[in-house]
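A quick write-up on the structure given underneath.
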Amino acid sequence: MMRYLSYALLGLGVYYLTATAIWAQVQFSTVNAPSSPVKRACGTSGYSQLQEELHPGLAEQRQQLEKEVQRILNNTSALNSKTQLANTIPVVVHVVYYNAQDSLSFSRIQSNITQLNVDYNRLNFDTVLTPNPFRPIAGRMGIQFVLANRDPNQQPTNGVTYTKTNINGFGLDDKMKFTAQGGKDIWDRTQYLNIWVCKLNNSLLGYATQPDPSPSSDSIDGVVIDYQYFGGPGTGASAPYNSGRTLTHEVGHYLGLYHIWGDTNCGDDFVNDTPTSTAEHYGCPSYPQPDCSSSSAGAMYMNYMDYTDDQCMNIFTNGQVARMNSFMATAPRAALYNSPGITNIGASIIKEEGIRVYPNPSQEGIFYVDTEDADLLESCQVYCSPMHIPKEFTAAKGVIDLSAYPAGVYFLQFRKDDQLKVVRLLKY
Ligand SMILES: [Zn+2]
């Protein structure tokens, strides 16, 4: 009964948001040519309010988590920008498709994961577009997102599931997250970042769950992206949201960030180094734009947590990185760093540290391998993550040459007896 009631309530909420979104779209189309692209619209803040209405106690739990995060932020400097890609989050992408064009290719999916890594580690080529006053506070998270190698049943996977649905467009009601409702059930949220890619109604580009330890979030935790706006540059996503940055934005919410304008006039995003803004920005503004304090460098409209076009977003700040890293230090996100989801089947991890790979990341794609153990070097293989097919490289002289291969995440795998060591390479 409660569940039924909940969905009825959710339906009302969705209707309200839907009506708002349609209104916004109609308003937009009256001042633009019919061929104009949709305005960026993220459903996270509305969705988050709905969840709090549906689940009494959730708001309080979130406030407790916020207090814990603030305590961590005030007590450690270890959360700031990192140059090492020290931690890895296994990712599963659930493609829930209505027709063939919604069923995105594996390479398009991998390209968006690559863009995610690029953006979170500030390896993006367009950092030059960050206005000078903001460059000193640009942050690197030191994190890697990797499509899972192992599924929850301990079977090998390439980190992508495909599910045919009879639903021609989803809303904020989370149906894409349940097999019984035309979607695909979540993989254990403590082990995987779940991303659902499907058709969304009402011009929504995506929405995300914020971190919270409530059991009510166990079956819905993750990120949802409209298939049209999923994919890295040049892979067929719809302009002007065709560089994969809708995912960058929504994963920001998933890791605890709010919109940079705090969802209200000069609102608070709980980050000190992001200027307060009166509202969101659209399109590609020219610098500077006014913010809420005339003495500052202006609004940071090029932040990933604003609403500008993909090609005009290019920065997370140190403060945002510290906030995300502090959420990664608390439940429920902390468990992701110990997930078996990226460990290959049938192998344990080589314990000894005796392998050094450098430079990593590398722009040229040339990686040098140092180890005293000739057998380990002999065992080296390079896996190309987009295809999950072992490439026939050799590690002769300890040089891995990926110069002819596209930018992305690769794996260097060493075997010794029945043990395995995996080193992730990033070519950018
Ligand atoms: Zn958002």
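Just so you know, we're using the numbering used here here: the sequence shown kicks off at 101 and counts up by one. Just so it is clear, CB atoms sit at the ideal spot from N, CA and C, and this is done for glycine as well. Predicted model, so just to flag it, every value in this text is computed and none were measured.
Legend entry - Distance cut-off 7 Å: T530 Cβ against heavy atoms of ligand 1: The first residue shown for the chain is 101 and the last is 528, placing residue 530 beyond what the model contains.
Legend entry - Cβ-based burial, I325 [other Cβ within 10 Å; buried from 16]: buried
Inset, instruction - Starting from the Cα of N403, find the closest Cα among I415, M428, D410 and G508 and give me that residue. - result: I415
Legend entry - C-beta atoms of G398 and Q411 nearer than 8 Å: no
Inset, instruction - For R235, count neighbouring Cβ atoms within 10 angstroms of its own Cβ and tell me buried if that reaches 16, exposed if not. - result: exposed
Inset, instruction - Please find out if some non-hydrogen atom of ligand 1 comes closer than 7 Å to the beta-carbon of T263. - result: no
Legend entry - Boundaries (first-last residue) of the beta strand (DSSP E) holding Q411: Where Q411 is concerned, there is no enclosing beta strand (DSSP E), given that its DSSP letter is neither H nor E.
Legend entry - In chain order, each beta strand (DSSP E) run of at least 3 residues that lies wholly inside the segment 314 to 363: 323 to 326
Inset, instruction - Give me every residue whose Cβ sits closer than 6 Å to any heavy atom of ligand 1, in chain order. - result: C142, T144, H349, H353 and H359
Legend entry - Span separating the alpha-carbon of D473 from that of L525: 20 Å
Legend entry - CA-to-CA distance, G367 to P375, given in whole angstroms: 10 Å
Inset, instruction - Just tell me which of H349, A504 and Q420 has its CA closest to the CA of G465. - result: A504
Inset, instruction - List in chain order: all unbroken beta strand (DSSP E) runs of 3+ residues lying wholly within the segment 186 to 243. - result: 187 to 197
Inset, instruction - Give the range of the beta strand (DSSP E) segment to which F514 is assigned. - result: G508 to K516
Legend entry - Residue from S205, V499 and E380 whose Cα sits closest to the Cα of Y197: S205
Legend entry - Any non-hydrogen atom of ligand 2 closer than 7 Å to S207 Cβ: This structure does not include ligand 2; its bound ligands are ligand 1.
Legend entry - Distance CB(K521)-CB(I455) smaller than 8 Å: yes
Legend entry - Counted within 10 angstroms of its Cβ, other Cβ atoms place E350 as buried (16 or more) or exposed: buried
Legend entry - Burial state of P486, where buried means 16 or more other Cβ atoms lie within 10 Å: Annotation note: pLDDT 42 at P486 (below 50); position unreliable, coordinate value reported separately. By the neighbour-count rule (16 or more Cβ atoms within 10 Å), P486 is buried.
Inset, instruction - State yes or no: is the C-beta of Q210 within less than 8 Å of the C-beta of G508? - result: yes
Legend entry - Buried versus exposed call for V138 [16 or more other C-beta atoms within 10 Å across all chains shown]: buried
Inset, instruction - Note down the Cα distance separating G259 from L173, rounded to an integer number of angstroms. - result: 33 Å
Inset, instruction - Quick one: give me the first and last residue of the alpha helix (DSSP H) that I267 is part of. - result: Element bounds for I267: n/a, residue is neither H nor E.
Legend entry - CA-to-CA distance, V482 to P333, given in whole angstroms: 25 Å
Legend entry - DSSP three-state assignment for N174, whether helix, strand or coil: helix
Legend entry - Backbone secondary structure at K521 - three-state DSSP: strand
Inset, instruction - With a 10 Å radius around its C-beta and 16 neighbouring C-beta atoms as the bar for buried, classify F330 as buried or exposed. - result: buried
Inset, instruction - State the Cα-Cα distance for the pair I450 and Y354, rounded to the nearest angstrom. - result: Here I450 scores only 49 on pLDDT, less than 50, and its place in the model should not be relied on; the value that follows carries that caveat. About 32 Å.
Legend entry - W287 and P315 closer than 8 Å at C-beta: no
Inset, instruction - Take the Cβ of N266 as the centre, count every other Cβ of all protein chains shown within 10 Å, and call the residue buried at 16 or more, exposed below. - result: exposed
Legend entry - Span separating the alpha-carbon of Q513 from that of V469: 12 Å
Legend entry - Same chain, Cβ closer than 6 Å to N425, five either side skipped, listed in chain order: L179
Legend entry - Whole-angstrom C-beta distance between Q151 and L158, which should lie under 8 Å: 6 Å
Inset, instruction - Tell me, please, whether the segment 185 to 195 touches the segment 293 to 305 by the rule of three or more beta-carbon pairs shorter than 8 Å. - result: yes
Inset, instruction - Compare the Cα-Cα distances from Q310 to each of M241, P461, V523 and E166 and report the closest residue. - result: E166
Inset, instruction - Leaving aside the five residues before and after Y458 along the sequence, list all residues of the same chain whose C-beta is less than 8 Å from its C-beta, in chain order. - result: F467, Y468 and D470
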